[in-house]
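A.B. asks:
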Amino acid sequence: MSIAVFRIGLAAAKTVADQAYGSALAPGRWHSLRSGAASRRVIYCAGSRALAQLEKRVHANGITPVGQALFRLELPDGLVVRTAQAAGLPDHWRDSEAVTQAFGDRWLDACAELALWVPSYVEPAEHNLLLNALHPRLPEVALVRERDPFEF
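Heads up: take any position in the sequence shown, counting from 1, add 247, and you land on the working numbering.
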């Protein structure tokens, strides 16, 4: 059985790789910016539809996003995904975004794994999934458009 995760992103996105567009433009909780051809590309996904909506609302800073769709991303069968805690996430990860960015940057730059479960900063009992958009297995991820347009 494959793992399914969710994200609310630009409706114009046609491929899984398109979902990483924003990560090259702005830093996030789990990555910093690196310019040029070697920019980091990460796709932030949520473990549930509800968490995807909560994360989008929190990060929209009170502005209602437009041109959005709800996507389900299905990971390849048999893919083993570690948690950030198993990968060495420090206990004090909530204290500083620099801590989570450095952790995520190391994970992304190693490019050894397609996906990693990380705790949600908004609700730490829930989890988001990071997808390394530069990993060679990214094309194996299926992108399913569940709701277009997605309206808040």
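Note that CB positions come from ideal geometry on N, CA and C, so glycine has one too.
(1) Quick one: measure Cβ to Cβ for residue 286 and residue 271, integer angstroms, because I've assumed they're closer than 8 Å.
(2) The beta strand (DSSP E) that contains residue 354, what's its start and end?
(3) Use the C-beta contact count for residue 278: other C-beta atoms within 10 angstroms, 16 or more gives buried, fewer gives exposed.
(4) Go ahead and pull the three-state DSSP assignment for residue 321.
(5) Taking the beta carbon of residue 266 as the centre, do at least 16 other beta carbons fall within 10 Å, making it buried, or is it exposed?
(6) Kindly identify the DSSP beta-bridge partner or partners of residue 391.
(7) Which of the three DSSP states, helix, strand or coil, is assigned to residue 382?
(8) Would you kindly check if the distance between the Cβ of residue 289 and the Cβ of residue 355 is under 8 Å?
(9) Report, in whole angstroms, the separation of the C-beta atoms of residue 253 and residue 292, which I expect to be a contact under 8 Å.
(10) Per DSSP, what kind of secondary structure is residue 377 in: helix, strand or coil?
(11) Would you report the Cα separation of residue 365 and residue 330, rounded to the nearest angstrom?
(12) Just verifying my parser: in three-state terms, what is the DSSP assignment at residue 285?
C.D. replies: Considering the structure as presented:
(1) 5 Å
(2) Under the DSSP assignment, residue 354 falls outside any beta strand (DSSP E), being part of the alpha helix (DSSP H) whose first and last residues are 344–357.
(3) buried
(4) strand
(5) Of the residues assessed, residue 266 falls on the buried side of the cut-off, its CB having 16 or more other CB atoms within 10 angstroms.
(6) 319
(7) coil
(8) yes
(9) 6 Å
(10) strand
(11) 6 Å
(12) coil
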